[in-house]
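A short worksheet on the structure shown next.
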Amino acid sequence: MGFFFSSQESKEPPNRSKREKCWESRDIFFQCLDRINVVDPLRNDTQKLVKKECGTEDKQFQKDCVASWVKYFKQKRPFDKKKERILNEAKEEGAEVVQLPGYRK
146 MGFFFSSQES KEPPNRSKRE KCWESRDIFF QCLDRINVVD PLRNDTQKLV KKECGTEDKQ
206 FQKDCVASWV KYFKQKRPFD KKKERILNEA KEEGAEVVQL PGYRK
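Per this note's numbering, the very first residue in the sequence shown carries number 146; after that it's consecutive.
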């Protein structure tokens with residue numbers, strides 16, 4: 146068993162087209178979550194709704210991405226949403242976003 150892969154998955158890292166397909170499936174799943182106003186798909190109180198309303202998208206996401214990526218993206222989503230909200234609030238208040246050297250967006 147590899148470090149990032151279960152025994153059922155390919156041992157090869159995803160190539161560019163597989164990564165792009167993964168990101169596309171992630172975006173479709175996240176759009177569904179936005180439609181039903183779910184920020185954190187891993188919370189116990191939202192899992193039933195997510196499964197009911199976005200089950201098809203979630204299955205495709207899991208099919209198209211390495212399991213560790215699915216977990217990472219789902220865990221990262223609440224942070225990204227919070228960051229987006231804070232930046233939007235700051236912008237509305239007239240704050241200027243300053244890009245620091247060496248800092249990625």
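Cβ coordinates follow ideal geometry from the N, Cα and C atoms, glycine included. Quantities reported herein were computed from a predicted structural model and do not represent experimental measurements.
So within the segment 216-242, which uninterrupted beta strand (DSSP E) runs reach at least 3 residues, ignoring any that extend past its ends? If only uninterrupted beta strand (DSSP E) runs of at least 3 residues are considered, none is enclosed by the segment 216-242.
Go through its chain and collect everything with a Cβ distance to L178's Cβ below 8 Å, but skip five positions before and after it. Along the sequence shown, one-based indexing puts residue 178 at 33. Correct list, in chain order: V184, P186, V195, C199, R222.
Classify V215 as buried or exposed, calling it buried when 16 or more other Cβ atoms lie within 10 Å of its own Cβ. Position 70 of the sequence shown, counting from 1, holds the residue named residue 215. So V215 ends up on the buried side.
C-alpha distance - V242 paired with E234, whole-angstrom precision: For the purposes of this step, residue 242 is identified with residue 97 of the sequence shown, where counting begins at 1. For the purposes of this step, residue 234 is identified with residue 89 of the sequence shown, where counting begins at 1. V242 and E234: Cα-Cα distance of roughly 11 Å.
Three-way DSSP call (helix, strand, coil) for Q244 in this model: Here residue 244 refers to the residue found at position 99 when the sequence shown is read from its first residue. Q244: coil per DSSP, three-state reduction.
Does the beta-carbon distance from P158 to C167 come in below 8 Å? The count along the sequence shown starts at 1 and reaches residue 158 at position 13. The count along the sequence shown starts at 1 and reaches residue 167 at position 22. No, Cβ-Cβ distance for P158 and C167 is not below 8 Å.
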